[in-house]
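K.L.:
Here's a structure for you.
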Amino acid sequence: MKTIVLWLKRILKWVSVSFLALLLFYGVARFYVVYTDSQIEGARAPYFQKQAAEAISVLWHSDEAEIGVVRYGLSPDDLNMQAGEPEAGEAHELRLTGLKASQRYYYAVGNDEAMIYGGTEDDWFMTAPATGGEAAVRLWVIGDSGDPGEVQRAVRDAMKDWVGSHPRQGRPYLDQWLALGDNAYRSGSNQQYQAALFDAYPAIFKNIALWPVYGNHDDRRWTFFDIFSLPEQAESGGVPSATENYYSFDYANIHYVMLDSQASDREPGGAMLNWLQKDLEANTQDWLIVAFHHPPYSKGSHDSDDEGDSGGRLVEMRRQVLPVLEKYGADLVLAGHSHVYERSYLMGCQYGDSAEFSRKNIVSEGVEGRNAKFIKHKSERAMPHSGTVYIVAGASAKVDGAKLDHPAMAVDMMEAGSLLIDVTGDQLTVRYLNDKAEVKDEFSIEKKADDSWKAYRNPDYTGCPL
Ligand SMILES: [Fe+2]
Numbered sequence: 022m023k024t025i026v027l028w029l030k031r032i033l034k035w036v037s038v039s040f041l042a043l044l045l046f047y048g049v050a051r052f053y054v055v056y057t058d059s060q061i062e063g064a065r066a067p068y069f070q071k072q073a074a075e076a077i078s079v080l081w082h083s084d085e086a087e088i089g090v091v092r093y094g095l096s097p098d099d100l101n102m103q104a105g106e107p108e109a110g111e112a113h114e115l116r117l118t119g120l121k122a123s124q125r126y127y128y129a130v131g132n133d134e135a136m137i138y139g140g141t142e143d144d145w146f147m148t149a150p151a152t153g154g155e156a157a158v159r160l161w162v163i164g165d166s167g168d169p170g171e172v173q174r175a176v177r178d179a180m181k182d183w184v185g186s187h188p189r190q191g192r193p194y195l196d197q198w199l200a201l202g203d204n205a206y207r208s209g210s211n212q213q214y215q216a217a218l219f220d221a222y223p224a225i226f227k228n229i230a231l232w233p234v235y236g237n238h239d240d241r242r243w244t245f246f247d248i249f250s251l252p253e254q255a256e257s258g259g260v261p262s263a264t265e266n267y268y269s270f271d272y273a274n275i276h277y278v279m280l281d282s283q284a285s286d287r288e289p290g291g292a293m294l295n296w297l298q299k300d301l302e303a304n305t306q307d308w309l310i311v312a313f314h315h316p317p318y319s320k321g322s323h324d325s326d327d328e329g330d331s332g333g334r335l336v337e338m339r340r341q342v343l344p345v346l347e348k349y350g351a352d353l354v355l356a357g358h359s360h361v362y363e364r365s366y367l368m369g370c371q372y373g374d375s376a377e378f379s380r381k382n383i384v385s386e387g388v389e390g391r392n393a394k395f396i397k398h399k400s401e402r403a404m405p406h407s408g409t410v411y412i413v414a415g416a417s418a419k420v421d422g423a424k425l426d427h428p429a430m431a432v433d434m435m436e437a438g439s440l441l442i443d444v445t446g447d448q449l450t451v452r453y454l455n456d457k458a459e460v461k462d463e464f465s466i467e468k469k470a471d472d473s474w475k476a477y478r479n480p481d482y483t484g485c486p487l
């Protein structure tokens with residue numbers, strides 16, 4: 022009997038030692054994979070970040086260490102200004118400063134010996150318009166776009182077709198570009214970012230600064246924060262967030278807030294919501310557009326009623342973040358994560374699950390379906406709970422089957438596409454463009470200083486109980 026017990030003990034010891042060794046081996050191997058996947062390697066063409074009225078950052082990557090140089094000027098034939106790095110490296114980032122607002126600059130990028138990229142009339146960037154000023158702004162929004170292939174290309178080309186056939190007098194084809202997270206499947210590795218983002222949109226990267234939010238698939242490697250240079254010090258307006266996870270910026274008369282629904286604290290009193298409160302308190306812009314990855318309302322490939330969905334992030338964003346956004350008069354809230362399109366009424370004060378949604382939450386129905394029009398009051402400071410439109414646009418590279426029965430949604434569809442948003446002064450128009458360049462949903466919000474908004478308001482809307 023004693024011998025059996027002894028043997029059993031030995032076996033048990035052997036099993037636990039082997040298990041620990043296996044666990045350690047797995048841990049080391051996993052760390053190695055994540056580490057190597059996260060390294061930025063190889064040449065990457067220039068792209069723009071932290072666009073502001075008087076400055077912009079140029080980023081690129083070279084095969085070998087070299088001293089990066091950017092030449093720029095008002096004509097491709099006369100790149101008479103130059104910025105250079107103090108020392109050699111492979112990852113390059115130069116901030117061009119002292120620029121003129123709303124100005125097109127041409128550029129070439131290379132090293133202290135030769136220019137490698139740019140130098141043609143297609144190689145230009147624009148500075149932002151002066152903050153607070155009215156300008157015609159065209160914004161392109163992609164969501165969950167990180168799956169390279171036919172659908173992704175069709176959605177991209179549809180945007181190009183549509184903007185090509187709807188040009189704006191004296192304006193470029195686009196002014197701004199937002200990505201709603203999950204920018205590179207499956208893990209946001211450097212290689213996947215190259216294939217899903219840089220190789221997928223090369224012509225757009227030449228001209229337009231990209232503003233991304235952090236999705237769950239971007240959170241699997243460390244590349245997001247190496248690839249993007251985001252304004253943690255309010256380099257493009259807003260209040261400094263002191264982190265690249267979430268940030269804000271201004272463009273003409275629009276204030277943008279980009280939140281991190283994935284990895285940052287979503288609790289009231291936490292760093293992100295404390296910053297959000299300060300940022301929105303300081304904001305005086307006419308329009309407030311907010312973006313983050315996990316949708317507060319969705320019955321797409323994710324269910325915003327399910328507390329277990331995505332670790333409760335959808336529910337937490339709705340319960341904890343929306344009251345702050347609505348208090349400061351958010352006009353549009355954009356999210357992805359569900360690979361569908363869903364668009365709400367102008368609505369407010371609905372922080373529970375979908376069964377609690379009622380007509381009391383609808384500020385205005387506009388006209389149901391296409392071409393809805395919402396009127397909001399234009400005042401110096403945004404009116405609290407004056408109505409927000411919530412959009413899920415996570416179908417820029419793939420579409421999932423879904424129930425699509427969230428009662429807050431005026432329009433929903435399982436169709437690949439992207440958003441084109443035009444803001445001109447007091448009018449904001451949103452279009453959902455499918456992969457065949459057809460406008461599948463369109464609505465506008467107009468801000469009027471008179472009392473005409475009252476006629477459009479649903480009399481049942483109760484606002485938020487104090
Ligand atoms: Fe996601």
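Numbering-wise (the working numbering), the sequence shown opens with residue 22 and increments by one.
Even for Gly, the Cβ is constructed at its ideal location relative to N, Cα and C.
These numbers come from a predicted model, not from an experiment.
(1) According to DSSP, simplified to helix, strand and coil, what is G333?
(2) Which residues in the same chain have their Cβ closer than 6 Å to the Cβ of D58, if we skip the five residues on either side of it in sequence?
(3) Note the first and the last residue of the continuous beta strand (DSSP E) segment covering R116.
(4) Just curious, the beta strand (DSSP E) that Q448 is in, first and last residue?
(5) Would you mind reading off the limits of the beta strand (DSSP E) that contains D462?
(6) Where are the alpha helix (DSSP H) runs, 4 residues long or more, that stay fully inside the region 178–219, in chain order?
(7) List the endpoints of the continuous alpha helix (DSSP H) containing A416.
(8) Consult DSSP for Y267 and reduce its assignment to one of helix, strand or coil.
(9) Taking the alpha carbon of A135 as the reference point, which residue from D168, E87, D99 has its own alpha carbon closest?
(10) Taking 8 Å as the cut-off, does the CB of H358 come closer than this to any heavy atom belonging to ligand 1?
(11) Out of A273, P289, E288, M293, state which residue places its alpha-carbon closest to the alpha-carbon of L280.
(12) Can you tell me whether N392 is buried or exposed? The criterion is at least 16 other CB atoms within 10 Å of its CB, across all chains shown.
(13) Under DSSP, the beta strand (DSSP E) around E225 begins and ends at which residues?
(14) Determine the extent of the alpha helix (DSSP H) in which K293 is found, giving its start and end residues.
(15) Check this for me: beta carbons of A104 and W81, under 9 Å apart or not?
(16) Got a sec? Which residues, its chain only, sit under 6 Å from V420 by beta carbon, not counting five neighbours each side?
(17) T244 by DSSP, collapsed to three states: which one?
(18) Could you name the residues that DSSP lists as bridge partners for S78?
(19) Mapping DSSP to helix, strand and coil, what is A50?
(20) Terminal residues of the continuous alpha helix (DSSP H) containing K475?
(21) Drop a sphere of 10 angstroms on the beta-carbon of I32, count the other beta-carbons inside from all chains shown, and report buried for 16 or more, exposed for fewer.
(22) Would M22 be called buried (16 or more neighbouring beta carbons within 10 Å of its own) or exposed?
(23) Go through the region 330–378 residue by residue and report every complete run of the alpha helix (DSSP H) that reaches 4 residues or more, in order.
(24) For ligand 1, is there any heavy atom lying closer than 8 Å to the beta carbon of D168?
(25) Please classify H187: is it buried, with 16 or more other beta-carbons within 10 angstroms of its beta-carbon, or exposed?
(26) Mind checking who I163 pairs with in its DSSP beta bridge?
(27) Mapping the DSSP letters down to three states, classify N392 as helix, strand or coil.
(28) Could you check whether the Cβ of N204 sits closer than 8 Å to any heavy atom belonging to ligand 1?
(29) Evaluate contact between the region 246–262 and the region 308–315, counting only Cβ atoms and requiring at least three cross-stretch pairs below 8 Å.
(30) Can you tell me whether F40 is helix, strand or coil according to DSSP?
(31) What separation, rounded to the nearest whole angstrom, lies between the Cα atoms of A403 and N228?
(32) Grab me the residues of F245's own chain with a C-beta within less than 7 Å of its C-beta, minus the 5 sequence neighbours each way, in chain order.
(33) So is T8 buried or exposed if we call it buried at 16+ other beta carbons inside 10 Å?
(34) I need the DSSP call for Y482, collapsed to helix, strand or coil.
(35) So is A42 buried or exposed if we call it buried at 16+ other beta carbons inside 10 Å?
(36) Using the beta-carbon count (16 or more within 10 Å), is F464 buried or exposed?
P.N.:
With the given structure in hand:
(1) Residue state for G333 is assigned as helix, using DSSP reduced to three classes.
(2) S210, R242
(3) R116 -> beta strand (DSSP E) spans 110–117.
(4) Taken as a continuous stretch (DSSP letters only), the beta strand (DSSP E) holding Q448 covers 448–455.
(5) 460–469
(6) 211–214
(7) Taken as a continuous stretch (DSSP letters only), A416 belongs to no alpha helix (DSSP H), as it is neither H nor E.
(8) coil
(9) Nearest C-alpha to A135: E87.
(10) yes
(11) M293
(12) exposed
(13) Strictly speaking, residue 225 in this sequence is Ile, with Glu absent from that position. From DSSP, I225 is part of no beta strand (DSSP E) but of the alpha helix (DSSP H) over 223–226.
(14) Per the sequence shown, the amino acid found at residue 293 is Met instead of Lys. Run containing M293: 292–303, per the alpha helix (DSSP H) assignment.
(15) no
(16) H360, M435, A437
(17) helix
(18) Q70, R116
(19) It is helical.
(20) 474–477
(21) Looking at its Cβ environment, which holds fewer than 16 other Cβ atoms inside 10 Å, I32 is exposed.
(22) exposed
(23) For the alpha helix (DSSP H) assignment, the uninterrupted runs of no fewer than 4 residues enclosed by the region 330–378 are, from N- to C-terminal side, 334–337, 343–348.
(24) no
(25) exposed
(26) A200
(27) coil
(28) No, since every heavy atom of ligand 1 falls outside the 8 Å radius drawn around the Cβ of N204.
(29) no
(30) DSSP, reduced to helix, strand and coil, places F40 within a helical segment of the structure shown.
(31) Those two C-alpha atoms are separated by around 32 Å.
(32) G209, Y235, D239
(33) There is simply no residue 8 to check, as the chain begins at 22 and stops at 487 in what is shown.
(34) coil
(35) exposed
(36) By the 10 Å Cβ count, F464 comes out buried.
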